[in-house]
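Novice: Please find one structure pasted underneath; my questions will follow.
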């Protein structure tokens, strides 16, 4: 079994690290470069930056943050948020990141992933999937139909299905789409994604643990690595993510940001329970 990765995540807004619950109630959590150096020293396997205010005008802020981070740390760095063009990817990679994470633009144009993978290589193209459980009380007003392209209809939700399903979210959790998250992950692999960053919107920031049903369903549906995200409150949740959710990597924010646990403690915990990690 390959070593499982421990990945801290930094949500960056206007050049600062922030944290929220269910994508809301945002609070400040420090300087991104200082946080990155701290995690690098602790032995994190990778680091994810998610730029949550990546408008065109503010793009230079995250490029500056990435460049400063890449100068001081040596672990792989993934950056996502507001990527709309191949030029955006080029600029981020030139600034020093190793991979880019794409969500909304992939939904708008699934074949953008193919173009990006062809130009930059699948190894640096991560598709971020923000998924929310489909429930009876999911307002019709918050769910938008999608895909005039008949060849992509296969990934749409079957609202008559009684089995658990997860809808896809875009625009930082503000819009829901009638897309089956599990089928979408499979389609993204087919189109060239090299990795899936899977976040449960229901669990984000709650500290209740990963949505293991979702994580397992996606992990079993694809052959590329899956990063589990959303809901970590303790070290047992990390273990559950890789063992029961079958994820290749586990991402967490709050427990590391607020120094509840160190990366070293997380790795020792997993290692002691028989999970291979890089110590």
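Residue numbers (the working numbering): 8 to 286. For every residue, glycine included, the Cβ atom is placed at its ideal position computed from N, Cα and C.
1) Going by the CB atoms, is the gap between residue 208 and residue 115 shorter than 9 Å?
2) Once you ignore the five residues that flank residue 103 on each side, which residues in its own chain have a CB closer than 8 Å to its CB?
3) Locate the alpha helix (DSSP H) running through residue 121, then write down its first and last residues.
4) When the Cα atoms are used, what is the spatial distance from residue 261 to residue 240?
5) Using CA coordinates, which residue listed in 112, 202, 166 and 198 is at the minimum distance from residue 185?
6) Less than 9 Å between the beta carbons of residue 221 and residue 205, yes or no?
7) Tell me the residue span of the beta strand (DSSP E) that contains residue 234.
8) Could you give the DSSP three-state label for residue 147: helix, strand or coil?
9) Please state whether DSSP places residue 59 in a helix, a strand or coil.
10) So, are the CB atoms of residue 89 and residue 19 less than 9 Å apart?
11) Take residue 147 and list the residues in its own chain whose beta-carbon comes closer than 6 Å to its own, dropping the five residues that flank it on each side.
12) Relative to the alpha-carbon of residue 11, which residue among 124, 66, 24 and 248 has its alpha-carbon at the smallest distance?
13) Compare the Cα-Cα distances from residue 162 to each of 277, 269, 51 and 190 and report the closest residue.
14) For residue 142, is the classification buried or exposed, using 16 other Cβ atoms within 10 angstroms of its Cβ as the cut-off for buried?
15) Would you report the Cα separation of residue 151 and residue 56, rounded to the nearest angstrom?
16) Would you list the residues sitting across from residue 300 in a DSSP beta bridge?
17) Give a yes or no on whether the minimum CB-CB distance between residue 193 and chain C is below 9 Å.
18) For residue 9, count the other beta carbons within 10 Å of its own beta carbon; 16 or more makes it buried, fewer makes it exposed. Which is it?
19) Looking at residue 54 and residue 80, is the spacing between their C-beta atoms short of 9 Å?
20) I need the boundaries of the alpha helix (DSSP H) containing residue 189, first residue and last residue.
21) What three-state label does DSSP hand residue 164 in the structure shown?
22) Rank 200, 91 and 117 by C-alpha distance to the C-alpha of residue 128 and give the top, closest one.
23) Does the distance from the CB of residue 250 to the CB of residue 217 come in under 9 Å?
24) Report the partner residues of residue 284 according to the DSSP bridge assignment.
Specialist: To lay it out plainly:
1) No, the pair does not count as a contact, with Cβ atoms beyond the cut-off.
2) 73, 74, 76, 77, 78 and 84
3) 118 to 127
4) 8 Å
5) Cα-wise, what sits closest to residue 185 is 166.
6) yes
7) 233 to 236
8) For residue 147, the predicted model reports a pLDDT of 47, less than 50, meaning its position is unreliable; a value from the coordinates is still stated below. Helix.
9) coil
10) Taking 9 Å as the Cβ cut-off, residue 89 and residue 19 do not qualify as a contacting pair.
11) Because residue 147 carries a pLDDT of 47, less than 50, the predicted location of this residue cannot be relied on, and no value is offered for it.
12) 248
13) 190
14) exposed
15) The pLDDT assigned to residue 151 is 48, lower than 50, so where the model puts this residue is not dependable, and the model offers no usable value.
16) Lying before the first or after the last residue shown, residue 300 is absent from the chain, which here runs from 8 to 286.
17) Checking the listed chains, one finds no chain C in this structure; it contains a single protein chain.
18) Burial call: exposed.
19) yes
20) Annotation: the continuous alpha helix (DSSP H) that includes residue 189 extends over 188 to 198.
21) DSSP places residue 164 in coil when its eight states are reduced to three.
22) 200
23) With a cutoff of 9 Å on beta-carbon distance, residue 250 and residue 217 are scored as not near each other.
24) 11
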